[in-house]
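Worksheet for the structure shown next.
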Amino acid sequence: MKRAYLDHNATTLLRPEARAAMIEAMDVCGNPSSVHGEGRKAKSLVEKARAQIATAFGADGADLVFTSGSTEGAALALGGRDLHGSAIEHDAVRSWISEDLPTDSAGKVTVSAPEQSTLQLANSETGIIQDLPEGLAVTDATQAFGKLPVAFNWLGAQMALISAHKLGGPKGIGAIVMKRGTDLPAQIKGGGQEMGRRSGTENVIGIAGFGAAAEAAAQDLANGVWDEIAEFRNILEKALVAGAQETIFVGKDARRIPNTSCFVTPGWKGETQVMQMDLAGFAISAGSACSSGKVRASSVLTSMGMAPELAQCAIRVSLGLGTTKDDVLRFADAWIEKQKKHRARMA
């Protein structure tokens, strides 16, 4: 069976540039905090990656603090603060905020006090892109970085969360990007690494891979790679509409990141679809990777006004650099076949 991986929003393939940078970093034994030659060499890898990521993210002149990923980044940026947000945020963000910002049926969030609020740039389940207000305290840019031509310096946010494994870097490394001079008390204390904001010996290998992946991702954006991926996404949705008219495509008329399709088929549970498509050779999800294993309606979709019993019938297909037109057409054929069988059983 030829499998197709269509869950790139959960994690995507490791880029060859990241792999090469990590292998090179494995041969550097020094601690970045050491002042001898070996330590300085390790430190140079960290600072090279920091510069690569800042350039790719349009964050020249900003501070960039490495973390273990966006979940830790959310804890560091949001912990101890009374910030407002909405139910469309990732669980890592929702754990720290008051969920009192309204979301409309198009997936857009209204922010009344930006300096006291957090708002994601793009949603991992629906792909819907938000218009960030000037002065926003924090934005989760995890899904947008590498897929959209964005620049931190014109987002208008005080801080942004990013993660390597969403754009072809290794898992377990991320960063907070913040306007220079931002007050961010450390939660992990010790040796004072990362400008005193996140102690602990730096993950040099992961950081090197993150930097190389960010640089390669920026080049892909410039070369129009994601325009082709958006075309594949549109081909997929067109094929599915032809075979299942009752299926609802969430955010179809909204501005979305180019690789994401979220759709709902009434009466056909998302978890069932995921299992059936997995057996057919396709990896997809029923929502965010951090919550898709839980049998519950998506808070993203219910906050948009969808009934819980309908929201439980959602799946997400997210394409990536390894996706081909053949992959999406084969998926469409297989999904339509399963959908017809399901409909026949329910008749």
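Reminder that position 303 of the sequence shown reads as 568 in the numbering used here, one-by-one numbering, no gaps.
Even glycine gets a Cβ: it sits at the ideal position worked out from N, Cα and C.
I'd like the span of the alpha helix (DSSP H) that includes L486, first residue to last.
V469 to A487 is the span of the alpha helix (DSSP H), which, as asked, contains L486.
Would you mind working out which of R610, M571, V565 and G471 sits nearest M210, comparing C-alpha positions?
Nothing about residue 210 can be reported from this structure: the residues present for the chain run from 266 to 612 only.
From the DSSP output, in three-state form, read off T589 for me.
Residue state, collapsed to three classes: coil.
State the Cα-Cα distance for the pair A545 and G411, rounded to the nearest angstrom.
In a straight line, the C-alpha of A545 is about 30 Å away from that of G411.
Quick one: using the 10 Å Cβ neighbour count with 16 as the cut-off for buried, is D365 buried or exposed?
Burial call: exposed.
Are the CB atoms of I549 and V582 within a distance shorter than 7 Å?
Yes, the pair counts as a contact, with Cβ atoms nearer than the cut-off.
Between which two residues does the alpha helix (DSSP H) carrying F497 extend?
First-last of the alpha helix (DSSP H) with F497: V490 to G508.
Does A466 pass the burial test, meaning 16 or more other C-beta atoms within 10 Å, or should it be called exposed?
Strictly speaking, residue 466 in this sequence is Thr, with Ala absent from that position. Counting every other CB atom within 10 Å of its CB across the protein chains shown gives T466 a total below 16, marking it as exposed.
Cα-Cα separation, E354 to R284:
E354 and R284 have their C-alpha atoms some 31 Å from each other.
May I ask you to list the residues that DSSP assigns as paired with H349?
In the DSSP output, where bridge partners are listed per residue, H349 has S363 and S382.
Skipping 5 residues on each side, what residues in its chain have a beta carbon closer than 6 Å to that of H430?
Leaving aside the five residues that flank H430 on each side, the residues in its chain whose CB is nearer than 6 Å to its CB run, in chain order, T276 and K436.
Nearest-angstrom Cα separation, counted from R561 out to E536:
So the two alpha carbons sit approximately 10 Å from each other.
Where does E390 land, buried or exposed, given buried means 16+ other C-beta within 10 angstroms?
Note on E390: 16 or more other CB atoms within 10 angstroms of its CB, so buried under the neighbour-count rule.
Helix, strand or coil for V311 per DSSP?
Here V311 sits in helix by DSSP.
Cβ shell of A528 (< 6 Å), same chain only, five flanking positions each side left out:
The residue asked about is misnamed: residue 528 is Phe in this sequence, not Ala. Closer than 6 Å at Cβ, skipping near neighbours: T512 and F514.
Name the residue from H273, G433 and I453 whose alpha carbon lies nearest to the alpha carbon of G474.
The candidate whose alpha carbon is nearest that of G474 is G433.
Assign M266 to one of two classes, buried (16 or more other C-beta atoms within 10 Å of its C-beta) or exposed (fewer than that).
A residue is called buried when at least 16 other Cβ atoms come within 10 angstroms of its Cβ; M266 does not meet this threshold and is exposed.
Separation of T588 from S526, as counted between CA atoms
Going from the Cα of S526 to the Cα of T588 covers about 14 Å.
Using 8 Å as the Cβ pair cut-off and three pairs as the minimum, do the stretch 476-492 and the stretch 309-321 touch?
Yes: at least three Cβ pairs fall under 8 Å.
On the three-pair Cβ rule with 8 Å, is the stretch 442-456 touching the stretch 416-423?
These segments touch.
Helix or strand or just coil, what does DSSP make of M542?
If DSSP states are grouped into helix, strand and coil, M542 belongs with the helices.
Within this structure, are the beta carbons of S428 and T407 separated by less than 7 Å?
Yes, the pair counts as a contact, with Cβ atoms nearer than the cut-off.
Which two residues bound the contiguous alpha helix (DSSP H) that contains A285?
Segment P281 to M291, the alpha helix (DSSP H) holding A285.
Helix, strand or coil for R595 per DSSP?
Correct three-state label for R595: helix.
Coil, strand or helix - G439 by DSSP
Looking at G439 - three-state DSSP - the assignment turns out to be strand.
Write down the C-beta distance between V311 and M460 rounded to the nearest angstrom, noting that I regard them as a contact closer than 8 Å.
Wrong, their Cβ atoms sit about 12 Å apart, outside the cutoff.
Would R280 be called buried (16 or more neighbouring beta carbons within 10 Å of its own) or exposed?
Its Cβ being crowded by 16 or more others within 10 Å, R280 is buried.
Can you tell me which of T375, T368, D369 and R346 puts its alpha carbon nearest to the alpha carbon of W361?
Closest by alpha carbon: R346.
Pick from I393, A342 and E289: whose alpha carbon is nearest that of N274?
For the residues I393, A342 and E289, the minimum Cα distance to N274 belongs to I393.
For the beta strand (DSSP E) holding L401, just list the boundary residues, first then last.
DSSP places L401 inside the beta strand (DSSP E), whose first and last residues are L401 to D405.
If you reduce the DSSP assignment to three classes, tell me which class D356 lands in.
When DSSP states are grouped into helix, strand and coil, D356 belongs to the helix group.
In the DSSP assignment, find the beta strand (DSSP E) that holds S299 and state where it starts and stops.
Annotation: S299 is outside any beta strand (DSSP E) and is labelled neither H nor E by DSSP.
Mark E337 as exposed unless 16 or more other C-beta atoms lie within 10 angstroms of its C-beta, in which case mark it buried.
The residue is buried, with at least 16 neighbouring Cβ atoms inside 10 Å.
Under the DSSP definition of a beta bridge, which residues are partnered with A548?
A548 is bridged to Y270.
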